[in-house]
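J.: Residue numbers for the sequence shown follow UniProt numbering, beginning at 1 and rising by one. Let me give you the structure first, and then I'll get to my questions.
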Amino acid sequence: LGRVSQITTLEISGPPSSSFFFTEFYDLPRIVQAQCPRLRALSLINQRLHINTQTLNRFGQMQHLETLDLSGNAWLDALVPEAVNLNLQRLGLDRMGLQRWPDWLTALLPEHIGEVSLVGNQISFLPSELTLAQLPSARTTLIRLQGNRLSRPDMIEASLRGAAPHRAIRIDPGAPSELLSLIDMLLSEQAELQTALEEWAQASTSLLPLSSEAVSIRQALGASLLDHWRVTVAGRASRPILIESMALEEFPQRLPETFYRNTRGLLLHHVISDTQALNDFLSRFPELETLEMKGHIIPMDVAPQALSALANLRTLTLMDQGMLIDQSMLEYLSSLSNLRSLDLSANRLGAITFSVALRRHWESLTLDNVGISVWPEWLNSFLPGGIDALSLAQNQLTELPEHILRNPRDRTAHTEISLEGNPLSRETMVNAHVSEHGNSRAFSFYMDLPDDIRALPTERGWSSDGSGSDIEADSDSDSDASDHRHGSTGAADAG
Numbered sequence: 001l002g003r004v005s006q007i008t009t010l011e012i013s014g015p016p017s018s019s020f021f022f023t024e025f026y027d028l029p030r031i032v033q034a035q036c037p038r039l040r041a042l043s044l045i046n047q048r049l050h051i052n053t054q055t056l057n058r059f060g061q062m063q064h065l066e067t068l069d070l071s072g073n074a075w076l077d078a079l080v081p082e083a084v085n086l087n088l089q090r091l092g093l094d095r096m097g098l099q100r101w102p103d104w105l106t107a108l109l110p111e112h113i114g115e116v117s118l119v120g121n122q123i124s125f126l127p128s129e130l131t132l133a134q135l136p137s138a139r140t141t142l143i144r145l146q147g148n149r150l151s152r153p154d155m156i157e158a159s160l161r162g163a164a165p166h167r168a169i170r171i172d173p174g175a176p177s178e179l180l181s182l183i184d185m186l187l188s189e190q191a192e193l194q195t196a197l198e199e200w201a202q203a204s205t206s207l208l209p210l211s212s213e214a215v216s217i218r219q220a221l222g223a224s225l226l227d228h229w230r231v232t233v234a235g236r237a238s239r240p241i242l243i244e245s246m247a248l249e250e251f252p253q254r255l256p257e258t259f260y261r262n263t264r265g266l267l268l269h270h271v272i273s274d275t276q277a278l279n280d281f282l283s284r285f286p287e288l289e290t291l292e293m294k295g296h297i298i299p300m301d302v303a304p305q306a307l308s309a310l311a312n313l314r315t316l317t318l319m320d321q322g323m324l325i326d327q328s329m330l331e332y333l334s335s336l337s338n339l340r341s342l343d344l345s346a347n348r349l350g351a352i353t354f355s356v357a358l359r360r361h362w363e364s365l366t367l368d369n370v371g372i373s374v375w376p377e378w379l380n381s382f383l384p385g386g387i388d389a390l391s392l393a394q395n396q397l398t399e400l401p402e403h404i405l406r407n408p409r410d411r412t413a414h415t416e417i418s419l420e421g422n423p424l425s426r427e428t429m430v431n432a433h434v435s436e437h438g439n440s441r442a443f444s445f446y447m448d449l450p451d452d453i454r455a456l457p458t459e460r461g462w463s464s465d466g467s468g469s470d471i472e473a474d475s476d477s478d479s480d481a482s483d484h485r486h487g488s489t490g491a492a493d494a495g
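This is the structure in structure tokens:
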């Protein structure tokens, strides 16, 4: 190489499966750096070199180098990894046995490398820095990842995010042919949704002018909605969309159907809406599985009738809606056949009697801070087992019914009852606590127990036959003693 020290392009390559190797070529990177300082393009392909961050930094000292291809060699993690100093138009690291994304590479993108090829490695996970929070950039890096082990959601999401204009990092995941048609369809839907959100964000008129601050707020919400859609259509579990302290009429009104169809959860916190506007809004989201409403500006007189059309709704929270929970409202909510968890906390509980219309199973029913001072008799028809987790926290209960405190053995049904924040009498807390001795009790209680009650032995209390005598000493009572979890991690959290 000393005879051609002025060359600007050098390629040394061999067949991928070749066993031909000169031992003196172990030092090839040092030789090239020393003998060919004017190189602009260097390819050392299938040379069985051991490449690490120190090797890359050696090439980084070559001031004129623009293209570096080390494909087909072996990547070895350095014992002491170091930051890499490279400034290239293209870096090739194909078929190098990389098991994970190189952390050192992230810091170089997009400013220092225009294109990175990692084809034919075993990378199965991409760091969030590559796909999330990417601001428009003057320089873009293209990353090629064909033939790696990326998941289907990774390939879809990378394709969708990379389609945005002026993106700092674009990823070609090398999706298989059977996935390309889906990606093409989603790219078309994304463009339609993005256009609709941009038009809404800029929809300022002479009659309804938008301030620059209002436009910025709309743009931020639009970006959040678009990001939520991408995550969902890629096949990932997504958090519900949060809409807070705004009138529902201000939410974008005419979005493409793909947005509504792919929204599974909504969090409506302190939104401004009357009954008609709320029903109209909810009716656009036919696939909702979770709906949480917290806080109110206008009290809710009746439960939204649009809930009846949400066939997949499983979790419903109507907290602090200024509403009266009466017989007709509870019967209506009980009629939502797929609903499993209901939270009506911080409203007012009216007169309710058990009826056939209420007969159903709840995974969790939460009635925190609804003004209960006496145990609701209608709950007895659910217990135990008709409600898996019942929360009555932050009410005014001082006593519990005798049949609840008796806490008989029941191997087929069980209910957790959360009572934190109630002014329970000492006698009630003692009886509830000691009743949990042994296994297969009908109820578990979650209470704010004083330390002296918590320390009481649980061998005394109600017997399983209801006699009020000491609990019978059966063979499994000690070995299978219940786990007494009194505190803030009970049915209240489940609700």
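Beta carbons are placed, not taken as given, at the ideal position from N, Cα and C, and that holds for glycine.
Any idea what DSSP makes of I123, helix, strand or coil?
T.: The count along the sequence shown starts at 1 and reaches residue 123 at position 123. I123: coil per DSSP, three-state reduction.
J.: Quick test of your reading: M96 and I143, contact by CB under 8 Å. State the CB separation rounded to the nearest angstrom.
T.: Here residue 96 refers to the residue found at position 96 when the sequence shown is read from its first residue. Here residue 143 refers to the residue found at position 143 when the sequence shown is read from its first residue. At roughly 15 Å, the Cβ-Cβ gap does not stay under 8 Å, so M96 and I143 are not in contact.
J.: With C-beta atoms as the reference, is I325 less than 8 Å away from L349?
T.: Here residue 325 refers to the residue found at position 325 when the sequence shown is read from its first residue. Here residue 349 refers to the residue found at position 349 when the sequence shown is read from its first residue. Contact flag set, yes.
J.: Once DSSP output is grouped into helix, strand and coil, what is the label at D103?
T.: Within the sequence shown, the letter at position 103 stands for residue 103. D103: helix per DSSP, three-state reduction.
J.: When the Cβ atoms of the segment 266-276 are set against those of the segment 213-222, are three or more pairs found closer than 8 Å?
T.: No contact exists between the segment 266-276 and the segment 213-222.
J.: Could you have a look at W200 and say whether DSSP puts it in helix, strand or coil?
T.: The residue given as residue 200 occupies position 200 in the sequence shown. The answer is helix: DSSP assigns W200 an H, G or I state.
J.: Please name the residue in W200, L39, R360, V374 whose C-alpha comes closest to that of L383.
T.: Position 383 of the sequence shown, counting from 1, holds the residue named residue 383. Closest by alpha carbon: R360.
J.: Between which two residues does the beta strand (DSSP E) containing E416 stretch?
T.: Reading the sequence shown from its first residue, position 416 is the one you call residue 416. Taken as a continuous stretch (DSSP letters only), the beta strand (DSSP E) holding E416 covers 415-418.
J.: In three-state DSSP terms, what is Q146?
T.: On the sequence shown, residue 146 is found 146 positions in, with the first residue counted as 1. Q146 falls in the coil class under three-state DSSP.
J.: Whose C-beta lies closer than 8 Å to the C-beta of T412 among residues of the same chain, with five residues either side of it excluded?
T.: As a working note, residue 412 is residue 412 in the sequence shown. Around T412: G385.
J.: Can you tell me whether T263 is buried or exposed? The criterion is at least 16 other CB atoms within 10 Å of its CB, across all chains shown.
T.: Here residue 263 refers to the residue found at position 263 when the sequence shown is read from its first residue. T263 should be labelled buried.
J.: Distance, Cα to Cα, H403 vs A442?
T.: By one-based count along the sequence shown, residue 403 stands at place 403. By one-based count along the sequence shown, residue 442 stands at place 442. For H403 and A442, the distance between alpha carbons rounds to 11 Å.
J.: Going along the chain, which residues of its own chain have a beta-carbon closer than 7 Å to the beta-carbon of I171, five neighbours each way excluded?
T.: Stepping through the sequence shown from its first residue, residue 171 is reached at position 171. These residues qualify, in order along the chain: L130, I143, L145, A158, G162.
J.: Exposed or buried, which one is N312 when buried takes at least 16 other CB atoms within 10 Å?
T.: Within the sequence shown, the letter at position 312 stands for residue 312. Counting Cβ neighbours within 10 Å, N312 comes out exposed, since fewer than 16 surround it.
J.: Apply the 10 Å Cβ neighbour rule to G371 and answer buried if 16 or more other Cβ atoms are within range, or exposed otherwise.
T.: Within the sequence shown, numbered from 1, the residue matching residue 371 stands at position 371. With fewer than 16 other Cβ atoms within 10 Å, it is exposed.
J.: Consult DSSP for T317 and reduce its assignment to one of helix, strand or coil.
T.: To locate residue 317, count along the sequence shown from 1; it is residue 317. Reduced to three states, the DSSP call for T317 is strand.
J.: Measure from the alpha carbon of S364 to the alpha carbon of each residue in N347, R314, D103, then state which is nearest.
T.: Within the sequence shown, the letter at position 364 stands for residue 364. Selected option, being the one with the closest Cα: R314.
J.: Would you mind listing the alpha helix (DSSP H) stretches within the segment 309-381 that are 4+ residues and don't spill past its ends, in chain order?
T.: Taking only runs of at least 4 residues, the alpha helix (DSSP H) segments lying wholly in the segment 309-381 are 327-334.
J.: Quick check on the DSSP output: the alpha helix (DSSP H) that includes D410 runs from which residue to which?
T.: Indexing the sequence shown from 1 puts residue 410 at position 410. It is not in any alpha helix (DSSP H) - D410 carries neither H nor E in the DSSP assignment.
J.: Relative to the C-alpha of L118, which candidate in P256, L109, S71 has its C-alpha closest?
T.: The sequence position of residue 118 within the sequence shown is 118, counting from 1. Checked all of P256, L109, S71; the closest Cα to L118 is S71.
J.: Residues in its own chain within less than 6 Å of G14 by CB, not counting five upstream and five downstream?
T.: Stepping through the sequence shown from its first residue, residue 14 is reached at position 14. So the list reads N46, once near-sequence residues are dropped.
J.: Quick one, which of M155, H166, A196 has its alpha-carbon nearest E178's?
T.: For the purposes of this step, residue 178 is identified with residue 178 of the sequence shown, where counting begins at 1. Nearest of M155, H166, A196 to E178, Cα basis: M155.
J.: With H, G and I counted as helix, E and B as strand and the rest as coil, what does DSSP make of R441?
T.: Here residue 441 is taken as the residue at index 441 of the sequence shown, counted from 1. Strand.
J.: Pull up the distance between the alpha-carbon of A389 and that of T258, whole angstroms please.
T.: Along the sequence shown, read from residue 1 onward, the residue named residue 389 stands at position 389. Along the sequence shown, read from residue 1 onward, the residue named residue 258 stands at position 258. One C-alpha to the other measures close to 36 Å.
J.: Report the residue ranges of all alpha helix (DSSP H) runs contained in full by the segment 234-286; include only those spanning at least 4 residues, in chain order.
T.: Taking only runs of at least 4 residues, the alpha helix (DSSP H) segments lying wholly in the segment 234-286 are 257-261, 275-282.
J.: Since L282 contacts A303 with CB under 8 Å, what's their CB separation in whole angstroms?
T.: The count along the sequence shown starts at 1 and reaches residue 282 at position 282. The count along the sequence shown starts at 1 and reaches residue 303 at position 303. That pair is no contact at about 11 Å.
J.: Based on Cα-Cα distance, which residue from P401, T428, T415, L397 lies nearest to G421?
T.: Counting from one through the sequence shown, the residue named residue 421 turns up at place 421. Among P401, T428, T415, L397, the Cα nearest to that of G421 is on L397.
J.: Indicate the three-state DSSP secondary structure (helix, strand or coil) for I471 in the structure shown.
T.: Numbered from its first residue, the sequence shown carries residue 471 at position 471. Reliability of the predicted coordinates at I471 is poor, the pLDDT of 41 falling under 50, and the value obtained from them is presented with this limitation in mind. I471: coil per DSSP, three-state reduction.
J.: Is the CB-CB distance between M323 and D301 below 8 Å?
T.: As a position in the sequence shown, residue 323 is number 323, starting the count at 1. As a position in the sequence shown, residue 301 is number 301, starting the count at 1. Going by C-beta atoms, M323 is nearer than 8 Å to D301.
J.: Using only alpha-carbon positions, find the residue among M447, G114, P37 that is nearest to H433.
T.: The residue you call residue 433 lines up with position 433 of the sequence shown. Among M447, G114, P37, the Cα nearest to that of H433 is on M447.
J.: Going by C-alpha to C-alpha distance, which of G174, D343, L330 sits closest to G295?
T.: By 1-based counting over the sequence shown, the position of residue 295 is 295. Considering only alpha carbons, the answer is D343.
J.: Under the three-state reduction of DSSP, which class applies to R95: helix, strand or coil?
T.: If you number the sequence shown from 1, residue 95 lands on position 95. Reduced to three states, the DSSP call for R95 is coil.
J.: Just curious, the alpha helix (DSSP H) that V84 is in, first and last residue?
T.: Stepping through the sequence shown from its first residue, residue 84 is reached at position 84. Per DSSP, V84 belongs to no alpha helix (DSSP H) and is neither H nor E.
J.: How far does the beta strand (DSSP E) with L108 in it extend, from its first residue to its last?
T.: Sequence index remark: in the sequence shown, residue 108 carries index 108 (1-based). Unbroken run through L108: none, as it is neither H nor E.
J.: Under the rule that 16 or more other beta-carbon atoms within 10 Å means buried, what is L56, buried or exposed?
T.: Position 56 of the sequence shown, counting from 1, holds the residue named residue 56. It counts as buried.
J.: Does the Cβ of G235 have 16 or more other Cβ atoms within 10 Å, making it buried, or fewer, making it exposed?
T.: Residue 235 sits at position 235 when you count from the first residue of the sequence shown. G235 comes out exposed.
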